[in-house]
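Heads up, the thing below is written out as structure tokens.
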Amino acid sequence: MDAYLNFATTLEGLKKLERFRGQYYWKDYAGPIKYESVADHSWRLSMLVMMFADKLAQPFDVGRAVQLAVLHDTPEIICGDESPLGKAGTGEDSHAYNEIRKTEKLAKEEQAAKKLFSKLPPVENERLYGLWQESEANETFEARVVKALDKIEALLQVLEYRQGHMFPAHLEFTINYGLKYADVDPAIRAFGDMIAEEMRRKYKEFAI
Numbered sequence: 009m010d011a012y013l014n015f016a017t018t019l020e021g022l023k024k025l026e027r028f029r030g031q032y033y034w035k036d037y038a039g040p041i042k043y044e045s046v047a048d049h050s051w052r053l054s055m056l057v058m059m060f061a062d063k064l065a066q067p068f069d070v071g072r073a074v075q076l077a078v079l080h081d082t083p084e085i086i087c088g089d090e091s092p093l094g095k096a097g098t099g100e101d102s103h104a105y106n107e108i109r110k111t112e113k114l115a116k117e118e119q120a121a122k123k124l125f126s127k128l129p130p131v132e133n134e135r136l137y138g139l140w141q142e143s144e145a146n147e148t149f150e151a152r153v154v155k156a157l158d159k160i161e162a163l164l165q166v167l168e169y170r171q172g173h174m175f176p177a178h179l180e181f182t183i184n185y186g187l188k189y190a191d192v193d194p195a196i197r198a199f200g201d202m203i204a205e206e207m208r209r210k211y212k213e214f215a216i
């Protein structure tokens, strides 16, 4: 049981790891009272997976998909949460649109995943690491749905934080990146488009 307690205690790190703070564009906005944590993001992503489970056009293992959603960002406890915006707000030098950076990020997260899950006994270590690998490979329908909703959840969070009051380039990046994987299913695409439309409807240019 010591291994389980050690691992459970380590998971606290995901509850403390903030998203958005200090990223390009965000450093110029007045911050929210509380930035969401990576754990907050993973929780709502898991809820979205359950919401759409019976609305998808293909057979879907919702139990497995929820596991992927809960698990997908846990290596960030060790390696941190990287901004998709990059240094100039375009994503061209980040994992968002730069394949070299994407490969480097994956390698770093893979090492973190191995280190994190090795805290568990061999059976659980292998199972959780295998789920994380499935999530990153993005080959199964469940993994692709989770990936699409992962980005859409972030799109929704930006809408809630900014209510459309954004730099124009930030608006375009957020919508384009948020919908990057949305074509995995018509229902998911429709949901993402609805959020993007609301963001555009509320848009008011932010200026320093």
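Per the working numbering, the very first residue in the sequence shown carries number 9; after that it's consecutive. Positions of the beta carbon are idealized from the N, C-alpha and C atoms, including for glycine.
- Apart from the 5 residues on each side of it in sequence, residue 117 sits with its Cβ closer than 8 Å to the Cβ of 83, 84, 87, 144 in its chain, given in chain order.
- Bridge pairing for residue 173: 212 [DSSP].
- The residue from 193, 13, 154 with its alpha-carbon nearest to that of residue 71 is 154.
- In terms of Cβ geometry, residue 33 and residue 93 form a close pair [threshold 8 Å].
- In this structure, residue 45 lies away from residue 78, with their beta-carbon atoms at least 8 Å apart.
- Shown here for residue 75: same chain residues with a beta carbon closer than 8 Å to its own, the five before and five after excluded, namely 139 in chain order.
- Short of 7 Å from the beta carbon of residue 121, and not among the five residues preceding or following it, lie these beta carbons of its own chain, in chain order: 83, 137, 140.
- Here residue 97 really is in contact with residue 177; their C-beta atoms are around 6 Å apart, less than 8 Å.
- For residue 127, no alpha helix (DSSP H) segment is defined, and its DSSP state is neither H nor E.
- Taking each of 152, 169, 125, 200 in turn and checking the Cα distance to residue 66, the smallest one comes out for 152.
- A Cβ-Cβ separation of about 6 Å places residue 207 in contact with residue 172 under the 8 Å criterion.
- In this structure residue 216 touches residue 36 by the C-beta definition: roughly 6 Å separates them, less than 8 Å.
- Looking at the DSSP output, residue 102 shares a beta bridge with no other residue.
- With distances taken between CA atoms, residue 26 lies nearest to 91 out of 61, 12, 91, 57.
- Within the same chain, 22, 23 come within 7 Å of residue 47 by CB-CB distance, once the 5 residues on both sides are set aside.
- The straight-line gap separating the alpha-carbon atoms of residue 41 and residue 113 is approximately 30 Å.
- Beta-carbon to beta-carbon, residue 150 and residue 68 are separated by about 7 Å, close enough to satisfy the 8 Å threshold.
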